[in-house]
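Residue numbers (the numbering used here): 27 to 334.
In structure tokens:
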């Protein structure tokens, strides 16, 4: 019946999108909202919003690499459907804040829920799509897993030399976000990333990486002109060291792992010798603009068939 109505010759007699979404053919079945899961996702968002711009980029890439069968992707899908009252596949600020109000303890921890929404809204569209919500709510424990971080590192490492520079990070950011942001937003975000990584003495590009003696390294460190690329040990330290946690222990681990790899050829992270096929770059990245990935694609239909 719905198809017959859509195929009517006279445009004025065809049903609009709002009416079609109410037909049994397209209407989504409402399942009981998994509010405990939703609470955990909001809690993750409160933690992740405090991270640096570089770490938030890491979270977005990590989510892009997760299969649709992953627990986090499924949890986000169920929570998103529960929060998306108008079934349009997007969360507006009212739907987001209404969900947060169900958890007074979390609401008390947020000075301004609208500001939290705006911080998660990657492109300033005033709506959250499923991928923005999934990246913002990625469990911190998952985002610090060695295998997850290794796959993100490989996504950044475009020339596969085992090191990252600022240019590679910015290029990867453009690959992930470039078709979702305006040109001005892309340029502004690139400058923010460059400044953030430059403050950590990261090399801008391969030309900044020069072989130096130990004395030259010490002199350049003292004068503030020292730059270095990021190896995986440094990357793991930057991403996995919890704020306010045992930083000294992470530094010792980083240097120990680096020493053992360099002089004994043993990877204590145990990731370099077991490289699985990388889910990268995202299959829907192209020169053409892409729309937000709908959460309603996560179950059934051709997507499930393709995953099998």
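C-beta: ideal position from N, C-alpha, C; glycine also.
Since the structure is predicted, the reported quantities are computational estimates derived from the model, not experimental observations.
Going by C-alpha distance, which of the options is nearest residue i?
i: residue 109; options: 68, 142, 95; result: 68
i: residue 264; options: 288, 226, 299; result: 226
i: residue 207; options: 89, 151, 228; result: 151
i: residue 143; options: 159, 129, 134, 166; result: 159
i: residue 174; options: 297, 40, 30, 307; result: 297
i: residue 268; options: 229, 146, 73, 31; result: 73
i: residue 131; options: 279, 87, 66; result: 66
i: residue 253; options: 148, 232, 284; result: 232
i: residue 167; options: 279, 88, 280, 284; result: 88
i: residue 262; options: 38, 180, 307, 140; result: 180
i: residue 170; options: 32, 276, 289; result: 276
What are the start and end residues of the alpha helix (DSSP H) that includes residue i?
i: residue 87; result: 79-91
i: residue 192; result: 192-203
i: residue 60; result: Counting along the chain, residue 60 falls outside any alpha helix (DSSP H), and DSSP gives it neither H nor E.
i: residue 308; result: Counting along the chain, residue 308 falls outside any alpha helix (DSSP H), and DSSP gives it neither H nor E.
i: residue 264; result: 258-266
i: residue 130; result: 130-134
i: residue 290; result: 273-290
i: residue 101; result: 97-109
i: residue 213; result: 209-224
i: residue 27; result: Run containing residue 27: none; DSSP gives neither H nor E here.
i: residue 44; result: 43-46
i: residue 341; result: There is no way to answer for residue 341, as the model of the chain reaches only from 27 to 334.
Give every residue of the same chain whose Cβ lies closer than 8 Å to the Cβ of residue i, excluding the five residues on either side of it in the sequence, and list them in chain order.
i: residue 188; result: 257, 258
i: residue 34; result: 40
i: residue 106; result: 117, 156, 159, 321
i: residue 183; result: 189, 190, 194
i: residue 204; result: 212
i: residue 280; result: 259, 260, 262, 263
Leaving out five residues before and five after residue i in sequence, what residues of the same chain have Cβ atoms less than 6 Å from its Cβ?
i: residue 287; result: 293
i: residue 165; result: 70
i: residue 104; result: 60
i: residue 237; result: Caution is warranted here: a pLDDT of 49 is assigned to residue 237, below 50, making its placement in the model unreliable, and the coordinate value is therefore given only provisionally. Nothing meets the Cβ criterion.
i: residue 136; result: 142
Can you list, in chain order, the residues of its chain with a C-beta nearer than 7 Å to that of residue i? Leave out the 5 residues immediately preceding and following it.
i: residue 78; result: 222
i: residue 129; result: 65, 68
Any heavy atom of the ligand FMN closer than 7 Å to the beta-carbon of residue i?
i: residue 114; result: What this structure holds is no ligand at all, so the ligand FMN is not there to describe.
Should the region 176-193 be regarded as contacting the region 118-137, the criterion being three or more beta carbon pairs within less than 8 Å?
no
Does the region 92-101 touch the region 213-223, meaning 3 or more C-beta pairs lie closer than 8 Å?
no
Using 8 Å as the cut-off, can you tell me whether the region 188-200 makes contact with the region 73-89, which would need three or more C-beta pairs spanning the two stretches below that distance?
yes
Completely contained beta strand (DSSP E) runs for the region 138-199, where each covers 3 or more residues
none
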